[in-house]
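Read top to bottom, the protein sequences are chains A, B, C and D.
Letter by letter, the first sequence follows residues 1 to 335 of this note's numbering.
Letter by letter, the second sequence follows residues 1001 to 1335 of this note's numbering.
Letter by letter, the third sequence follows residues 2001 to 2335 of this note's numbering.
Letter by letter, the fourth sequence follows residues 3001 to 3335 of this note's numbering.
Every residue gets a Cβ at the ideal spot worked out from N, C-alpha and C, and that includes glycine.
Being a predicted model, the structure only gives us computed values, none of them experimental.
To start, the structure under review is shown below, and the notes come after it.
Protein chains: 4
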Amino acid sequence: MIKIALFGCGRIGRLHAANIAHNPNAELAWVYDVYQPSADEAAQLHGCPVAQSVDDILNDRAVDAVLIATSTDTHAGLIEASAKAGKAILCEKPIDLSLDRVLQCAKTIAPYNVPIQIGFNRRFDPSHRAAKQALDNGQIGDLHQVILTSRDPQMAPKSYLATSGGLLRDMTIHDFDLARFMLGEEPVEVFAQASALVNPAVCAEVDDVDSAMIQMKTASGKLCHINNSRQAVYGYDQRVELFGSTGMLISDNQRSHELKQFAADQAGKSEPFQFFFLERYAKAFVAELDAFIKAVADKTPPQVGFDDGAKALALAEAAYRSLATGTAVSVNPVD
Amino acid sequence: MIKIALFGCGRIGRLHAANIAHNPNAELAWVYDVYQPSADEAAQLHGCPVAQSVDDILNDRAVDAVLIATSTDTHAGLIEASAKAGKAILCEKPIDLSLDRVLQCAKTIAPYNVPIQIGFNRRFDPSHRAAKQALDNGQIGDLHQVILTSRDPQMAPKSYLATSGGLLRDMTIHDFDLARFMLGEEPVEVFAQASALVNPAVCAEVDDVDSAMIQMKTASGKLCHINNSRQAVYGYDQRVELFGSTGMLISDNQRSHELKQFAADQAGKSEPFQFFFLERYAKAFVAELDAFIKAVADKTPPQVGFDDGAKALALAEAAYRSLATGTAVSVNPVD
Amino acid sequence: MIKIALFGCGRIGRLHAANIAHNPNAELAWVYDVYQPSADEAAQLHGCPVAQSVDDILNDRAVDAVLIATSTDTHAGLIEASAKAGKAILCEKPIDLSLDRVLQCAKTIAPYNVPIQIGFNRRFDPSHRAAKQALDNGQIGDLHQVILTSRDPQMAPKSYLATSGGLLRDMTIHDFDLARFMLGEEPVEVFAQASALVNPAVCAEVDDVDSAMIQMKTASGKLCHINNSRQAVYGYDQRVELFGSTGMLISDNQRSHELKQFAADQAGKSEPFQFFFLERYAKAFVAELDAFIKAVADKTPPQVGFDDGAKALALAEAAYRSLATGTAVSVNPVD
Amino acid sequence: MIKIALFGCGRIGRLHAANIAHNPNAELAWVYDVYQPSADEAAQLHGCPVAQSVDDILNDRAVDAVLIATSTDTHAGLIEASAKAGKAILCEKPIDLSLDRVLQCAKTIAPYNVPIQIGFNRRFDPSHRAAKQALDNGQIGDLHQVILTSRDPQMAPKSYLATSGGLLRDMTIHDFDLARFMLGEEPVEVFAQASALVNPAVCAEVDDVDSAMIQMKTASGKLCHINNSRQAVYGYDQRVELFGSTGMLISDNQRSHELKQFAADQAGKSEPFQFFFLERYAKAFVAELDAFIKAVADKTPPQVGFDDGAKALALAEAAYRSLATGTAVSVNPVD
C-alpha cells in the first residue's frame, strides 16, 4: 500500500484523488490546495486529511509519494522540494514552460535519485498502448510514418491561454511525447506551421495560434506529422496512425456507446466523440497511476521519466523556433 | 462467342441487354418485347435486330441462348418453347407463381435437356459470394445460424403488388434461395409471421402484407431467420450473417462512396445505402451472365438450376401455409 | 444515503458490492453468503460487516434495501422475507424458474407494497438505452421490427446448465425482457426453434439446447426476432436492431479499445468484442443500481418491476410450449 | 457525339479506350501507339481504325478531340501539335517534368484557344467529389486543415522510377492538385521531408526517395499535410480529410465488397483495399471523360485546365527545393 499525497485539487487533481482513493494498492494520505475549499471538498469526499502547507506533507515520513497537479509554474519547485524530501513523484505535464528551468530542476534533483514520472497520460490509453505493443511485436514491420491527430473539443478560456505557454507547449507537448513514444527514436528535425483560424481575435489578445501542423524526421528517416486544433466541434479528436513496411495500425476515436442511426438522408450516424480528456483518457489516468504505484513498489524506473518531460519540451521549443524562422530546426538531444 | 436473344425489354431486360452487349464473350442477337417501342429502343442502343415474334428468335438457328425477362406469367411458356427449340435459357425469377405449373414445366422440358439457369442474382453478389466461399473454406467452422435481412427501399406500385403473387413469392423468394445457398442443406420446417405495417391501406386492397419474418430449420438443426419489409427509407437493405462454430461472417450493406461526415451533433454519418437492386446488384447481374455464358460454352450445368427455382417457390408456399395455420410447416423436398 | 445489504457474494454479487461501495448515494450495510468466506472477502474489500444470517439483515432497521444476488432457487423466498421486513428489493433475474412460484410470490408480497426492481441490466446499457430513447423520440417513426442478437462467448459449466432452467429461461429471458422494453407492447404470439449445435453431448446430458431462434408478434402486428447461442467465439455478441417507418437504429457491439490493424491480407481488423457481461454491461450495472437508489429515495416505482420479471418468464414458458408443439403459442398477458 | 482519337494504348490508354467506346456521347475515332501491336489490340477490341502516324489523326477533320495517354516526355509536343490542329485535348498528367517546358507549352498553345483538360482523375472520384461538394455547401463551415494520405500498393518498376521525375513529380503531383482543389486557394509556402524507407537500395540506384511528408500553408492560413509512400501492403491508400470550423469530412478508402469476418482473435476484418488506381478510380476515370465530353460539347471551360497542371508542378518543384534546402519555400503563383 503506497501512501500518496496530492498537491492541487483542481479538475485534474480531483480526478487523481478519486483514482488514488479507488486504487487497491494506494491510499490518499493528504490533499493540499492553495485554495483550501478545494482541498476540503476532496478531503471530505475521500475521507482524508487536508494539509495546511506543503511542508505538512513533505515532513510526514509516512508519505511515500506525491502527485503534483498544481498550476504549471509551481511544478519545478514542488518537484525539487519533494525530491529533497525523498518522495516518489508523479507530476502533471509540463515540468515547466522553460527548458532552462527544466534542465536546472534536473540538476537539482539528481542527487536525491527519487522515482519521478511525468503525467503523459496518453501513453497509457488502452488503444494507443495496444498500437505500441502491436508495433513492438512486429505486426507492421519497420515503422515508416507516424500521423498524430490531436484536437480539443473547444477553445480553453482566455485566462488559461494567456499563461499556458502557447499551443505548442500546452497542447502539442502531449503529441511530442506520443511521437517519441511511438517512433522509438528521437526526432532530429522539426518544422512547424501555425495559424489563428478558430478564434483569431482571442489569439491576437493572447499572442498565440489555435491551429498547427508539425512535421518531424528522425535520424533513420522516419517521418512524423502532428496536427492540432483548439476546437473540433465533433468532440475530442485523438487518433494515432502508425504506418510500416508490412501494415498499418490506427488507434481510432472512441464513443461512449455504439448506437448508429439510419434514416432517409443518412446511414451509420453515431453520437460525437467523447467530450474531452477526462472521459476519453479515464482509463489512461487509472493505468498511469497503476504504473507509477507499481514502479514505486517494485523500485523499478517509471515508464515516463523526467527526461521524457524535458525532451518533449525541447521539441516544443524547436517548433517555436521553426515558426519564427520558417526553416526546419535541428534538435539537440537533451542528455 | 455466345449469341443471346432477349425476351422482354423492361427495366430488368434493358439491364441484361447492356450486360450482354458489353460482355466480351456474348453477342446480343435479337431483342423482343410485346410492346415494340421498348424493343426498338434497346435495339437502337445496342445495334441489334428487333424480333417481330418469339418464333423469329426460336427459329433462328444461330441463336445459342435466350434470356427471359418478360412478365412472370409468360416465363414457364417461354421456357418450354425455348427448350423445345434447343436454346440454353437464363430466366428471371420466379419460374411461375404456382408450384404446380413449375413442376409441370419441369416435366415438359426434361426431354430437351437444355442448360437452364434461374436469375437468382444475389448468389453472384461479390460480397455474398465471398461470404459463401469463406464458409466453404471452413473459416467459421460448422454453420449454425443464417440471418438474412432484405428490405426494399420503397413500396412497389399497387399494379405490381396486385399480380406479384404476394410478398413471400415476389420478394422473399430471393431470400429463400439465398438461405438454401448459404445453408447448403434443405430447410425442412418453415414458420412465418407477417403484418401490414408500411401501408395497411394498400395491403388491404391487394390482399397482401408488407412486413414479414420467417424462421426455418434444416434436418441437421441449422437455424435460419429472414426479415423483410417493403420499405426501408434508408435504402435497399441487404445483409447476410453466417454464424458458425469458429466465427461469424457478415456481408454488409454497400454505399456508392465512402464520405463520412462529423459535426457538433454526430459522427461518422454517411449517405444512405444504394437505392435499389439495379445499383446494389449491378456486379451480381454481370457475374450471373458470365456464369451462364461460361456454363453454356463449357457445357457444364449452370450454378443455379431449374430445381433451385422450384425449391425456393416450395418454401414460399410452405411459408404461406404457415401464415394461414399459425404452425410450422414441414417442407417436402421437391425432387 | 441508502443503506443496502447484499445477499450473495458470488461473481455477480461481488460486482454489485463494488458498485454499491462506490456509489455516492449508497452505503454497503451488510454482506451475506451461505459460504461465509465469500462474504468475508467482500466485507474486507469494502469495509463492511458480515451478516451471520438473513435475519441479521432483515432485523436491522437501518437497512433500507436489499440486493438479492444469491442462487435462483432462493430468490422468491428472499423476496418474500425482505418484503415482509419492509425492505426495498433489487433482485437478480430470474425471480424463479417456475411461473407459478413467481405468481404466488407476487401475491405474497403484494400487501407489503415495497419497491422491487428486477435485475434486467440490459435496459440500462447506455447504447441500448440510447436506442430506446431515440425510438421514443420518434426518430424512426413507428416501430415495425425488432431484431435481437444475443450470444454468450462460451458455454457455461455443465453444473450451471443442469439447474439453469434451460436456455430459454436462463439466457433468452434477458431478450424477452429487452423485446418487451423495445416493443412497448406485449407479444401475443411466440414461436421457437432450437438445436444442440455447439455441444450436442453436453446438451444431451443436461437435456437442453444451445442454439435458438424465437419469433414473436404483438397485437398491433409488430414483429420481433431473437437469436441465441451458448458460444460465439468472437466474444459476447449483444446487438439490438430497431426498424421503423422512418429509419433504423442499431445498438452495436463494443470493444474495449479502438485499435484497427491493416496488413497485406486484411483491413480494419480489431480485437474481439468484450468478453462477457461483467465487462460489456459494466456501465449498465452501475446505472441499474443508480436507478434503484433513485427510485427508493424518491419513492417512485422502479423502472423494471416484479411484473416485468413475471412477463419475461411467461414468454419463456410460451417458447418452451412452442418448441414442444411446433406451433406458435398465444401468450396470455400476466396481470 | 464527340469523336475522340487516342494517343497511347498502354495500361491507362486501354482504360480510356474502353471508357470512350462505352460512353454514349463519344466515339473512339482512332487509336495510335508507337508500338503498333498495342494499337492493333485496342482497335480490334473496340472496332476502330489504327492510325499509322500522329498526323493521320490530326489531319482528320472529323476528329473533335484527342486523349493523350502516351509517355510523359511526349505530352507537351502532342499538346502543341493537337492545339495547332484545333483539337480539344484531354491529357494525362503531368504535362511535362519541367515547369519551364510547361510554361513554354502554355505560350505555344495560347493562340489556338482549344479546350484542354489535364487528367487529374481524383477530382472526379465520387467520394472525394462528395467531400468537395459538402465543403462548398458549407457543411463544415470554414476550412482549416486538409490531410491527404496517398500511398501506392507497391513500388513501381525501377525502369519507371528512373524516368518518372521523382516521387514528388510522379506521385505527389496528384496530391498537390487535390490539395489545391480542396483548399480553394493557392498554397504559398511548401515544406517537404523525405526518406528512402521502403526500398533504400532501389532509391539509391534511381536517386529518389520512396516516403515523403509535405506541409503547406495558404495566404489565409489554411494548413495542408500530405503523406506518401511507394508501398502500402494493405492496398492503395487514398484518403482525404477536411477539417473545418463546424465539422469534418473524411473521404475514406474503399473495398470491392463488404464482407467482414469475426473469429476468436479478431472482429470486423475485411479484405484489403482495392489494389490500385484502375480499380479505385474506375468511376473517376469515367466521370473525368464525361466532364471533358460535356465541356467540349457545351463549349464551356474544362474543370481541370492547363493552369492546374502547371500549378501542381510548381508545387512539386517547390517541394524539391524545400528538400534541398531544409526550409519552407515560398511559391510564386503561376499566372
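Straight-line spacing of the CA atoms in K2222(C) and C1203(B) works out to 15 angstroms. According to the DSSP assignment, C224(A) belongs to the beta strand (DSSP E) that extends over L223 to S229. Straight across, the Cα-Cα distance linking N3228(D) with D3210(D) is about 8 angstroms. In this structure, F2176(C) sits away from L2078(C), with a CB-CB distance that is not shorter than 7 angstroms. Taking a 10 Å sphere around the C-beta of N3113(D), we find fewer than 16 other C-beta atoms and assign the residue as exposed. Leaving aside the five residues that flank D3298(D) on each side, none in its chain has a CB nearer than 6 angstroms to its CB. Inside the segment 103–148 of chain A, DSSP marks whole beta strand (DSSP E) runs of 3 or more residues at positions 116–118, from first to last along the chain. Contact with chain C is found for H1144(B), since one of that chain's Cβ atoms lies less than 7 angstroms from the residue's Cβ. Taking CB atoms only, F3273(D) has a neighbour in chain C less than 7 angstroms away.
The Cβ neighbour count for M1(A), taken over all protein chains shown within 10 Å, is under 16; the residue is labelled exposed. One thing to note: H1225(B) has its Cβ no nearer than 7 angstroms to the Cβ of H2174(C). Counted as a single uninterrupted DSSP element, the stretch harbouring M1248(B) is not any alpha helix (DSSP H) but the beta strand (DSSP E) occupying residues G1247 to S1251.
Residue state for S3082(D) is assigned as helix, using DSSP reduced to three classes.
Chain C has a Cβ within less than 7 angstroms of the Cβ of Q1193(B). In this structure, V1031(B) lies near V1050(B), with their beta-carbon atoms less than 7 angstroms apart. For L2067(C), the uninterrupted beta strand (DSSP E) segment begins and ends at A2065 to I2068. Under DSSP, F2007(C) takes part in a beta bridge, and its partners are Y2032(C) and I2068(C).
At a C-beta separation below 9 angstroms, A2267(C) has these neighbours in chain D: Y3234, G3235, N3253, R3255, K3269, S3270, E3271, P3272 and F3273.
The count of Cβ pairs closer than 8 angstroms, one atom from the segment 275–291 of chain A and one from the segment 3254–3271 of chain D, stays below three, leaving the stretches out of contact. The residue among L3090(D), F3181(D), T3163(D) and D3170(D) with its C-alpha nearest the C-alpha of V3240(D) is F3181(D).
Y2236(C) and A2156(C) have their C-alpha atoms roughly 13 angstroms apart. Bridge partners of L2259(C) according to DSSP: S251(A). Among the CB atoms of chain D, none fall inside 7 angstroms of the CB of K260(A). Interface criterion not met: the Cβ of L97(A) is under 7 angstroms from no Cβ in chain C. With a threshold of 16 other beta carbon atoms within 10 Å, Y2320(C) meets it and is buried. In this structure, E2317(C) places its C-beta atom within 7 angstroms of the C-beta atom of L2099(C). For L1197(B), the nearest beta carbon of chain C is closer than 7 angstroms to its own beta carbon. With respect to Q2193(C), K1217(B) sits close: the two C-beta atoms are nearer than 7 angstroms.
Between the segment 91–111 of chain A and the segment 64–76 of chain A there are three or more C-beta pairs closer than 8 angstroms, enough to call the two in contact. Boundaries of the beta strand (DSSP E) around G3268(D): Q3266 to K3269. In the structure shown, G244(A) adopts extended strand secondary structure according to DSSP, grouped into three states.
The C-alpha of F3191(D) is placed about 11 angstroms away from the C-alpha of S322(A). In terms of CA proximity to A196(A), V206(A) leads the group D56(A), N59(A) and V206(A). Taking a cut-off of 8 angstroms for Cβ pairs, the segment 1124–1134 of chain B and the segment 1281–1294 of chain B touch, as three or more such pairs fall below it. For K1093(B), no beta strand (DSSP E) segment is defined, and its DSSP state is neither H nor E. With respect to E80(A), I57(A) sits apart: the two C-beta atoms are not nearer than 7 angstroms.
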